[in-house]
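Numbering (the numbering used here), first residue to last: 21 to 190.
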């Protein structure tokens with residue numbers, strides 16, 4: 021009987037040990053289930069985040085392509101504007117050169133006009149002096165003729181009178 025009791029005692033100890041191990045295994049299984057549920061919940065959240073992130077990435081890539089296209093168009097416009105600016109700059113330089121030439125010509129023409137006006141004034145003065153000289157000469161001739169005329173008149177009292185000097189009216 022002792023053997024049976026020993027065996028029963030051993031069986032009982034073994035059973036207690038197995039119950040403890042079973043409880044620990046259940047506890048470990050429950051902990052694993054809890055961790056699994058938590059990981060599964062996190063996985064659902066992360067998959068949702070992944071979907072939203074992929075959508076945002078697709079939208080960002082679309083915007084990036086649009087921006088690249090806009091950048092390309094702006095680059096083309098900039099090149100066109102630069103070419104036009106260069107062309108207009110050259111045209112402006114030509115116009116400025118032409119303005120300078122025309123300004124110089126204007127100054128030259130004004131100088132010539134000023135000189136011509138001085139010459140005209142000088143010539144008018146000369147003409148006035150020549151007219152005065154002519155008149156003075158005629159007056160002088162008249163004055164010189166007057167004594168001769170007076171003598172003639174005395175000598176020829178009966179003859180027709182000699183017309184008076186034209187300068188006397190001047």
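Beta carbons: idealized from backbone N, C-alpha and C, even for Gly.
Secondary structure at residue 176: coil, using DSSP grouped into helix, strand and coil.
Taking C-alpha positions only, residue 90 is separated from residue 101 by approximately 16 Å.
Distance from the CA of residue 27 to the CA of residue 61, rounded to the nearest whole angstrom, comes to 49 Å. When secondary structure is reduced to three states using DSSP, residue 87 falls in the helix class. Around residue 84, the same chain offers no residue with a beta carbon nearer than 8 Å, after the five sequence neighbours per side are excluded. Each residue's CA atom was taken as its position, placing residue 156 and residue 115 some 59 Å apart. Each residue's CA atom was taken as its position, placing residue 22 and residue 31 some 13 Å apart.
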